[in-house]
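Below: one structure, written as structure tokens.
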Amino acid sequence: FEAVRGELERRGIKVENEIGRTKILWPIDSRGYLPKSDGSAYEPSENQKNFVRSEAYFSAFIGSRGSGKSAAGAQKAMRKIAKGGDGAVLNPDFENFKTSTWPEFRRWIPWEMVIPSQRYRQEIGWLPHQPFELAFINGVKVTCKGVKDPDSARGPNINWVWMDEAQRDSTGDSWKIAVPSVRVGESPQAWVTATPAGKYHWMYDFFVEQDIPDEVYEALEELGFTGSLVEWFHGTIEDNKSHLDKMFLAGLLYTYKDDKSLRKQELEGLFVTPEGARGDRSWFKDKIIDKVPDVKIRKRVRYWDLAASERKLKKARRGKKDPDETVGTRESWDGELFYIEDQVAGRWNYDGILHQMHMTAMRDGPFVEIVIEEEPGSGGKNQIAAIQKFFREGDDTHAPLPYHKVGGHRPEGDKIQRADIWFKDAQNGKVYLINGAWIEEFLNQVDNFPEAPYDDRVDSVSGARVQVAPIISWSNIPFMSLSGVGISEETQTENKV
Numbered sequence: 010f011e012a013v014r015g016e017l018e019r020r021g022i023k024v025e026n027e028i029g030r031t032k033i034l035w036p037i038d039s040r041g042y043l044p045k046s047d048g049s050a051y052e053p054s055e056n057q058k059n060f061v062r063s064e065a066y067f068s069a070f071i072g073s074r075g076s077g078k079s080a081a082g083a084q085k086a087m088r089k090i091a092k093g094g095d096g097a098v099l100n101p102d103f104e105n106f107k108t109s110t111w112p113e114f115r116r117w118i119p120w121e122m123v124i125p126s127q128r129y130r131q132e133i134g135w136l137p138h139q140p141f142e143l144a145f146i147n148g149v150k151v152t153c154k155g156v157k158d159p160d161s162a163r164g165p166n167i168n169w170v171w172m173d174e175a176q177r178d179s180t181g182d183s184w185k186i187a188v189p190s191v192r193v194g195e196s197p198q199a200w201v202t203a204t205p206a207g208k209y210h211w212m213y214d215f216f217v218e219q220d221i222p223d224e225v226y227e228a229l230e231e232l233g234f235t236g237s238l239v240e241w242f243h244g245t246i247e248d249n250k251s252h253l254d255k256m257f258l259a260g261l262l263y264t265y266k267d268d269k270s271l272r273k274q275e276l277e278g279l280f281v282t283p284e285g286a287r288g289d290r291s292w293f294k295d296k297i298i299d300k301v302p303d304v305k306i307r308k309r310v311r312y313w314d315l316a317a318s319e320r321k322l323k324k325a326r327r328g329k330k331d332p333d334e335t336v337g338t339r340e341s342w343d344g345e346l347f348y349i350e351d352q353v354a355g356r357w358n359y360d361g362i363l364h365q366m367h368m369t370a371m372r373d374g375p376f377v378e379i380v381i382e383e384e385p386g387s388g389g390k391n392q393i394a395a396i397q398k399f400f401r402e403g404d405d406t407h408a409p410l411p412y413h414k415v416g417g418h419r420p421e422g423d424k425i426q427r428a429d430i431w432f433k434d435a436q437n438g439k440v441y442l443i444n445g446a447w448i449e450e451f452l453n454q455v456d457n458f459p460e461a462p463y464d465d466r467v468d469s470v471s472g473a474r475v476q477v478a479p480i481i482s483w484s485n486i487p488f489m490s491l492s493g494v495g496i497s498e499e500t501q502t503e504n505k506v
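Next comes the structure, spelled out in structure tokens:
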């Protein structure tokens, strides 16, 4: 280092000055963000922050109108540019690039870092009329264009690509052709920012479902890749409302007041099907009470959906979305009405799950039966057996709870079929909620089921419902013949009907 320092100083270059210049050169604040061109700081929501900092090869910020999607995409792009990575800013529609993507991107560009001959583009009056290249004084070049024709997405090898308003790419062909160019430099990345466009759109399959073939994982394992291949982040207008004009927000709320499906897509940033969401929080408008009434309870259970067990977390890269929550629902039934009394939820490793189950059982007492959703195959049976042993024998830090009944339950049907059972109860006014901090998140999931990013709280109630009041398949129950048992002919005729 001293030899290099000496050579630089002989050439008239002061190392300390160059280090200081590098720090000042890009106006990055202490949190790692670049300010807007008017000097205001970038204040991201939690999901915006996680998206901007994501190191996944593919990432997406998918959210509602006004959720800060394009600003987050621009921030991510500027951080790449500051690190010396060539890239591309794309929009499936050039007209939309000109009127939407470019004005937002322009606001986050530190124009003193653009080569002088191109700084005229910072003027509000300048709009592009054809694809162009933006050059920075650190040597970075950024291609800016629309890609309505998928073949136009081809280009030189680059370090990153950002497709804004990706929902406009109806087939995903432009995205598929653009991505192979991302292959040079440090940590190549490709990302999109978009409003959801329904569950039949390619974005839902690519970023949310993440149905990744085994051959892809085999290739990643050969490379020794241990990071995330795909990540997606959800945004709503509520998350970003502090940055929005109040009249804009009021106008949107009024516009979508009578259209539940569009409201969920445009204001809540959810992927909706043409049929829309099935749940509705209004079912519980007058059904939240402080305690269970003084009635005879026929059965009470604590139902655990171990959606984030350690076994699943180890395969999180193969999962369909971020790891789900483990949820334990306590529910009771008095023979007519149902009472959802409490939910415990969180993301824990396997030891943490056992600890939470143990603490919850201590609070519930031995008369609340513990039921655990059983995964298919022998692995599910083994997991139930291991948990039963844990309660029976305890361990170094948990006392045995041998009087607590612990069992497994293998659910039937898909999650929508299971939820429809108690949704019908709720519609008919038969489901009450016992007031607590858990209710708001539960109602959010109900109101957006099955479109919400997470539905673990709904799934857990579905399991608890059939435990406290099992659904009987009458076709399998042998009926005793009543003929000739001393009843009248008239009564026999009525029973036949």
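Using my numbering, the letters of the sequence shown correspond one by one to residues 10 to 506. C-beta: ideal position from N, C-alpha, C; glycine also.
Applying the criterion that 16 or more other CB atoms from any shown protein chain within 10 Å of the CB defines a buried residue, is residue i buried or exposed?
i: T235; result: exposed
i: I38; result: In the sequence as displayed, the identity of residue 38 is Asp instead of Ile. Answer is exposed; the Cβ neighbour count stays below 16.
i: V304; result: exposed
i: H138; result: exposed
i: E231; result: exposed
i: D214; result: exposed
i: M87; result: buried
i: M172; result: buried
i: E421; result: exposed
i: V170; result: buried
i: A259; result: exposed
i: T108; result: exposed
i: D268; result: exposed
i: K433; result: exposed
i: M256; result: exposed
i: A370; result: buried
i: I379; result: buried
What did DSSP end up calling residue i once you bin it into helix, strand or coil?
i: F103; result: helix
i: Y312; result: strand
i: W431; result: helix
i: L271; result: helix
i: H252; result: helix
i: Y51; result: coil
i: D299; result: coil
i: E350; result: strand
i: F70; result: strand
i: E402; result: helix
i: F242; result: strand
i: A162; result: helix
i: I167; result: strand
i: S484; result: At S484 the pLDDT is 40, less than 50, meaning the model places this residue with poor confidence and gives no usable figure here.
i: K92; result: coil
i: D220; result: coil
i: R339; result: strand
Tell me which same chain residues have a C-beta within less than 6 Å of the C-beta of residue i, skipping the five on either side of it?
i: A162; result: V156, S183, I186, A187
i: F141; result: C153
i: E195; result: none
i: T204; result: Q176
i: K308; result: W342, V477
i: A50; result: P44
i: R192; result: N166
i: I118; result: none
i: G94; result: N168, W169, G194
i: A206; result: Q176
i: I306; result: S341, D343
8 Å is my cut-off, CB to CB: does residue i come that close to chain C?
i: G181; result: Looking at the structure shown, chain C is missing, and only one protein chain is on hand.
Is residue i close to the ligand SAH? I mean its beta-carbon at under 7 Å from any heavy atom of the ligand.
i: P44; result: Among the components of this structure there are no ligands whatsoever, and the ligand SAH is therefore not found.
So, at 7 Å on beta carbons, what are the nonlocal neighbours of residue i in its own chain, with the 5 sequence-adjacent residues on each side left out?
i: L510; result: Nothing can be reported for residue 510, as the shown portion of the chain is limited to 10 through 506.
i: Y348; result: V301, E340, S341, Y441, I443
i: E427; result: Note that residue 427 is Arg in the sequence shown here, rather than Glu. Correct list, in chain order: P420, S471.
i: E113; result: S79, A80, A83
i: L346; result: K439, Y441
i: I393; result: I381, E383, G417
Using C-beta distances below 8 Å, list every residue in its chain close to residue i, excluding the 5 sequence neighbours before and after it, in chain order.
i: G164; result: A97, T152, A187, S190
i: F145; result: I90, M122, V123, I124, V151
i: K6; result: There is simply no residue 6 to check, as the chain begins at 10 and stops at 506 in what is shown.
i: I396; result: L363, M366, I381, V415
i: A65; result: Q198, G236, S237, L238, V239, E240
i: S54; result: G77, G244, D248, N249
Our contact map puts residue i next to residue j with C-beta atoms below 8 Å; I'd like the distance itself, whole angstroms only.
i: S73; j: T245; result: 5 Å
i: W200; j: A69; result: 6 Å
i: G514; j: H252; result: One cannot answer for residue 514 here, as it falls past the ends of the chain, which runs 10 to 506.
i: W292; j: A435; result: 4 Å
i: P459; j: I425; result: 6 Å
i: S46; j: R128; result: Contact doesn't hold; Cβ gap of about 11 Å is too wide.
- Item | Inter-stretch contact at 8 Å, needing at least 3 Cβ pairs: the stretch 406 to 413 / the stretch 370 to 379 | yes
- Are the stretch 349 to 368 and the stretch 450 to 467 touching, with three or more C-beta to C-beta distances below 8 Å? yes
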